[in-house]
Amino acid sequence: MTFKLNVNGKVMEADVDPDTPLLWTLRDALGITGPKFGCGIGACGACTVHIDGKPVRSCTRPVSSVGAGAITTIEAMEHHPIGKKVQAAWMDLDVAQCGYCQPGQIMAATALLAEKPKPTDADIDAAMTNICRCATYTRIRAAIKQASGQKVKA
Amino acid sequence: MTLELTGASRRDLLKASVVGGGLVLSFSIAAKAEAAAGAGAQALNAYVRVAPDGIVTIMGKNPEIGQGIKTSLPMIIAEELDVAWENVRIEQADCDPKLYGRQFAGGSLATPMNWDDLRKVGAVARAMLVNAAATAWNCPSGECKTDAGHVIHVSTGRKATYGALAGQCAGIPTPDPKTVPLKDPKAYKIIGKAKPQYDTAKIVTGQPLFGIDVKVPGMLYATYEKAPVFGAKVASANLDAARAVKGVKKAFIVEGGTDLSGLLPGVAVVGDSWWAARKGRNALATTWADHPTSKQNSTDFDKRAVELNAGAPMTSLRKDGDVDAALAGAAHKVEAAYAYPFLSHAPLEPQNTTAQFKDGKLEIWAPSQNPEPGRQLCAKTLGIKPEDITVHMTRCGGGFGRRLSNDYMVEAAWIARETGAPVKLLWTREDDMHHDFYRPAGYHFFKGGVDDKGNLVAWQNHFVTFGEGDKVASSAGMGGTEFPSRFVPNCKIDQSTIPLGVPTGPMRAPGSNALAFVNQSFIDELAHAAGADPLAFRMKLLGDKPMVGEGPSGYNAARMKGVLAAVEQMSGWKDRAKLPQGSGMGVAFHYSHAGYFAEVVQAAVSKDGAIKVQQVWIAADVGRQIVNPAGAMNQVQGAALEGISHALYQKITIKNGAASPSNFAEYRLLKMADAPPVEVKFVITDYPPTGLGEPALPPVIPALCNAIFAATGKRIRSLPIDVKQLKT
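Respectively, the protein sequence lines represent chains A and B. Okay, so the first sequence: first residue is 3 according to the numbering used here, each after it adds one. Okay, so the second sequence: first residue is 2 according to the numbering used here, each after it adds one.
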C-alpha cells in the first residue's frame with residue numbers, strides 16, 4: 003500500500019504494509035536512518051521522531067496511523083530553531099560515547115525545550131526517559147541546560 | 002622491540018614489528034603505501050597521508066565502540082607528527098592486521114598497547130618530512146624544527162608546509178623507529194588536551210555511521226531465528242508460510258554446528274525489507290529438537306552452589322598460613338554467602354552485519370569489537386580463504402564486550418551466500434538478549450577474622466562458579482592473587498564448578514565487575530564487625546609495602562593508597578556522620594586493567610526501601626598521561642553509572658535452558674532520573690598510561706552496597722539489590 007507522508011517538510015511516498023512501524027518505513031523504505039532501532043517496544047527511545055512537534059517512539063507507531071502529521075527526524079534538526087541549539091550544545095559538551103541513542107535523545111530534548119524553554123532538573127528527569135546504555139546522562143543534562151541558556155554546573 | 006627488514010617487498014615496504022606487552026604491531030613506512038594513498042595525497046606510512054593543502058589524514062586503527070578510540074589514537078600520532086589538530090582528518094581503517102597489528106576493543110588495552118608505537122608512527126613521519134626539507138635546502142636536518150604542519154630552518158627562518166614537502170619524501174631514507182626522537186611531554190599540544198570525538202557532528206545530525214545503517218546496492222534484509230535453548234537444532238519450521246508473506250524472498254533452515262560461539266542452527270528469512278522478513282519469521286512456527294541444556298535452571302544452580310560449598314572444594318586457588326587456626330583465634334569473625342546473577346550486555350544497537358558473497362569472495366561490514374577472529378570464523382565456516390574476505394569496521398552502537406564474539410558476522414556471511422545477494426542481517430532486541438555471551442553468575446562463601454588490633458588475619462573464600470572440574474567457563478574464573486590475598490597472612494581460596502550449557506563471555510571489566518562486589522563488601526563487613534572506620538580499615542589492610550608481588554600480577558599498594566586518600570578528601574568522608582538519617586556513605590577500591598580506582602557512594606534509602614544514589618566520587622590512577630581528558634571523563638562517569646545499573650536492576654535468569662527476560666521493559670537500564678552526579682579526579686603518578694574503558698566500573702557496586710549498609714544497617718549480599726529487603 004502506498005502512503006503519502008510529510009517528512010522533514012517534503013511529501014514522500016512509501017509502499018509498505020499498513021502495519022509497518024514508522025521507524026522501518028523511514029529507515030528501509032525512505033532511507034532515513036537517523037532514527038535508530040533499539041528495542042521495538044517503545045522502551046528505549048532511540049527511534050524518537052517528532053510528529054507535529056511532539057516526541058513519538060516510531061518503532062511502535064504503525065505508518066497507517068500517521069496520516070498527514072508532520073514528521074520531523076534528526077536529519078532536519080539543523081533547520082529547527084531549538085534543535086540546532088540542542089545539537090550545538092551536544093557538540094560543545096562532547097556528550098556522546100557510542101552515539102547510537104543520541105539522535106533520539108536530541109529529539110526528546112528539543113521537544114522538551116519547545117514545551118519548557120527553561121526546564122528544571124525535575125522537568126529533565128520527567129521528560130528524558132530515553133535510555134543511554136553508555137550512561138552519558140551527566141552531559142545530556144548539562145547540554146539541555148546549556149541549550150536553554152541556563153547555567154551549567156561544571 | 003624487534004625490527005625486521007623485509008627487503009624489496011612487493012610494496013617496497015619497510016616493516017617494523019614492535020613486540021611489547023603482547024603486541025605485534027607492524028607499521029609500514031612506505032613511499033607509496035597503497036593501503037593509505039588517497040587522491041593527490043602522499044602516504045608517509047600506513048597511518049598517515051598528507052595532501053598538498055596540508056590536510057593530514059590519519060587512520061583510526063581500532064574499532065570504535067564509544068570509548069573514543071577513533072579520536073584518541075590519532076591524537077597520539079598527530080602530536081608527534083606535529084600538526085595542527087584542526088587540519089587532521091580521521092578515517093576508520095579496515096581490518097588489516099598486516100598493516101595495523103591487532104585491531105580490537107577489549108581489556109582497556111588500546112592505550113597501553115599503542116602508546117609507544119603510535120608515537121613512533123607520528124615521529125617517523127615527522128622525521129621524513131624534516132629530512133625532505135633538509136635535502137631540499139641542502140642543510141643538516143638538525144638545523145630544522147617543526148611547528149604545526151611546517152618544517153622551519155631555524156637560523157634563516159625558511160619555512161615549508163608538510164603539504165609541499167610530502168611529495169618529496171619518496172626517495173628519503175626511512176628513519177629508524179628505535180631511535181627516532183620523541184617529544185618531551187611538557188611540549189604536548191594535543192595529547193592531554195580535551196578533544197571532542199571526531200565524529201560528534203555526524204552523530205548529532207544522525208548521519209549513517211553504524212553497522213545498522215550500512216546500505217549496499219541490491220541489498221536484502223534478513224532475520225535469523227535460533228532456539229531459545231542454546232544450540233538446539235531445528236525440528237520443524239513452516240518455510241512455505243514464511244515465503245507466502247509479502248516481501249519475503251527466501252526462507253531456509255541453516256544446519257549450523259555445535260560451537261556456541263559459531264554458526265548455530267536456525268531459520269533464516271530474507272525479505273525486501275526487514276519488517277517483511279520479520280513478518281515472515283512470525284509465520285514460521287518453528288519447533289526445536291530437545292537439547293540437554295533445557296534441563297538447566299538458575300534455581301538449580303543456586304541449590305547446587307550451596308551443596309558444593311558443603312562438600313570438599315574441587316580446586317585450591319591459594320593457601321597461605323592456617324586459616325582455621327587464625328579464625329579460631331580471631332577477636333571478630335564473620336561468615337557470609339554472596340551471589341550475583343548472569344547479565345546481558347545489551348548494547349543499544351542490536352547485533353547486525355551486512356555481507357556480500359560474490360565470485361568466491363566475501364565482503365563484510367560489521368560492528369565488531371574484534372573483527373579478525375570474525376574473519377577467521379567466516380573463513381572456516383564457509384570454507385573459503387581468510388584473504389578472500391574483506392572486513393570493514395563500522396562504528397558500534399556500544400560494545401561492552403558483547404561484540405568480541407562474531408556470531409552475528411558468520412550468520413550474515415552464511416545467509417548472504419545462500420541468498421545470492423547482499424544481505425543485512427539484523428537481530429531483534431529479543432534475539433540479542435536471548436543469545437548473549439552472558440556475564441557469568443557466581444557464588445562466594447566467605448569466612449573472615451580480624452584480630453583485636455583491627456588487622457585482617459583470616460580470609461577464606463569458597464568460590465562456586467561454572468565450568469567442568471578445574472576448567473572454568475569464559476570469564477568465570479578468579480586468580481589466586483585477587484585482593485585481599487597476599488595482604489592477609491592466613492588466606493584460603495578454593496573453587497568448585499557447576500557445568501553450564503549457556504554461553505558466557507567477557508563483559509566490561511570481566512571478573513572484576515563481580516569480584517569487587519563480593520570482596521569489597523565482605524571487607525566492609527569485617528571492618529564493621531571490628532568497629533573500625535571502613536576506609537581506615539582498608540588503608541591499614543593495604544599495609545606499608547609499596548609493591549606486593551611483581552610482573553603482571555604485581556599490586557602497587559602505594560598507588561591504591563594514593564587514590565583512597567584522594568577519594569577520602571573529595572567525598573568529605575570524615576564528615577559523613579553529619580548526613581541525615583537514612584543516608585550513608587560507602588567506600589570501595591579495586592585494581593583492574595592496570596588502573597587503581599577508589600570510589601565513594603552516597604545513597605539514601607526511604608522507608609519503602611527505595612534507593613536514591615545521591616553522589617559518586619572517584620579517584621583514578623592510570624599513570625602519567627590522560628590522552629584525551631574529554632573522553633576520559635566520559636568513560637569513567639559512564640562506567641560508574643553502568644555499575645549502578647547492574648546493582649539496582651539487572652539479572653538474567655536461566656529457565657529450562659533459556660535466558661529471560663527479553664527486552665528493556667523487564668531488563669532495566671539506568672535512566673536520567675536515577676543517574677547521580679559523578680565527580681572524578683585523576684591522580685597523576687609516574688607510570689605508563691593505561692586504559693580507562695573498564696576499571697572505573699567494579700568499585701562502584703560495593704561502594705553503593707556499603708553505603709546502603711551505612712544508611713540502613715542492612716547488608717546486600719546478592720545482586721541485583723532487593724528493595725523489599727530494605728523496607729522498614
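Where is the CB? At the ideal position from N, CA and C, for every residue including glycine. Keep in mind it's a predicted model, so treat the numbers as computed, not measured.
- Counting along the chain, Gln357 (chain B) sits inside the beta strand (DSSP E) bounded by residues Asn353 to Lys359.
- Here Cys140 (chain B) carries a coil assignment [DSSP, helix/strand/coil].
- When only Cα atoms are considered, Ile77 (chain B) and Trp289 (chain B) end up about 52 Å apart.
- One finds nothing in chain A with a Cβ atom closer than 8 Å to the Cβ of Ala611 (chain B); even the nearest lies about 15 Å away.
- Scanning its chain for C-beta atoms nearer than 6 Å, with the 5 sequence neighbours on each side dropped, one finds around Gln521 (chain B) the residues Ala589 and Pro703, in chain order.
- With respect to chain A, the C-beta atom of Met571 (chain B) has no partner C-beta closer than 7 Å.
- Taking 9 Å as the upper bound on Cβ-Cβ separation, chain A lies near residues Ala195, Lys196, Pro197, Gln198, Asp200, Thr201, Ala202, Lys203, Ile204, Val205, Thr206, Gly207, Gln208, Pro209, Leu210, Phe211, Ile213, Asp214 and Lys216 of the segment 190-221 of chain B.
- When the beta-carbon positions are compared, Ser369 (chain B) and Arg418 (chain B) stay at least 7 Å from each other.
- Arg141 (chain A) has its alpha-carbon roughly 5 Å from the corresponding atom of Val97 (chain A).
- As summarised for the segment 69-109 of chain B, the continuous beta strand (DSSP E) elements at least 3 residues long and confined to that stretch are 89-93, given in chain order.
- Ala674 (chain B) has its alpha-carbon roughly 35 Å from the corresponding atom of Ile191 (chain B).
- DSSP lists B:Thr224 and B:Ala252 as the bridge partner or partners of Val270 (chain B).
- Glu419 (chain B): member of the alpha helix (DSSP H) spanning Asp408 to Thr420, first to last residue.
- Note on Val465 (chain B): 16 or more other CB atoms within 10 angstroms of its CB, so buried under the neighbour-count rule.
- In the DSSP assignment, Ile108 (chain A) falls within the unbroken alpha helix (DSSP H) covering Gln104 to Glu117.
- Sequence-ordered contacts of the segment 51-73 of chain A with chain B are nonexistent [C-beta pairs closer than 7 Å].
- Residues of chain B whose Cβ lies closer than 7 Å to the Cβ of Gln152 (chain A) do not exist; the shortest such Cβ separation is about 16 Å.
- Ile34 (chain A) is not a Cβ neighbour of Leu25 (chain A), given a cutoff of 7 Å.
- Within chain A, the residues whose beta carbon sits less than 8 Å from that of Thr429 (chain B) are Gly42, listed in sequence order.
- Fewer than three beta-carbon pairs drawn from the segment 227-236 of chain B and the segment 209-217 of chain B are found closer than 8 Å, and the two stretches are therefore not classed as touching.
- For the segment 261-293 of chain B, the set of residues with a beta-carbon nearer than 8 Å to any beta-carbon of chain A comprises Ser274, Trp275, Trp276, Ala277 and Lys280, in chain order.
- Between Gly36 (chain A) and chain B, the shortest Cβ-Cβ separation is below 7 Å.
- Counting only residues of its own chain and dropping the five nearest sequence neighbours on each side, Ala331 (chain B) has a CB closer than 7 Å to the CB of Gly450, Val451, Asp452, Val458 and Ala459.
- Under the three-state reduction of DSSP output, Ala243 (chain B) falls in the helix class.
- Each residue's CA atom was taken as its position, placing Ala284 (chain B) and Val235 (chain B) some 15 Å apart.
- Residue pairing by DSSP places Glu364 (chain B) opposite B:Gln357 and B:Thr391 in a beta bridge.
- The beta carbon of Ser572 (chain B) is closer than 6 Å to those of Val601 and Trp618 in its chain, skipping five residues each way along the sequence.
- The beta carbon of Pro176 (chain B) sits closer than 6 Å to the beta carbons of Val125 and Ala128 from its chain, once the five residues preceding and following it are set aside; these are given in chain order.
- Closest by C-alpha distance to Asn46 (chain B), out of B:Glu80, B:Val122 and B:Gly587, is B:Val122.
- Contact between the segment 642-662 of chain B and the segment 546-565 of chain B is not established, with fewer than three Cβ pairs separated by less than 8 Å.
- Counting only the Cα atoms, Gln726 (chain B) lies some 12 Å from Phe710 (chain B).
- Judged by their CB atoms, Ile416 (chain B) and Ala269 (chain B) are nearer to each other than the 7 Å cut-off.
- Residues of the segment 673-698 of chain B with a C-beta less than 8 Å from any C-beta of chain A: Met673, Ala674, Ala676, Pro678 and Val679, listed in chain order.
- Minimum Cα-Cα distance from Ala94 (chain B) among the listed residues B:Gly550, B:His393 and B:Ala666 corresponds to B:His393.
- When C-beta atoms of the segment 422-429 of chain B are compared with those of the segment 238-245 of chain B, fewer than three pairs fall below 8 Å, so the two segments do not count as touching.
- At a C-beta separation below 7 Å, Gly399 (chain B) has these neighbours in chain A: Cys100, Tyr102, Arg135 and Cys136.
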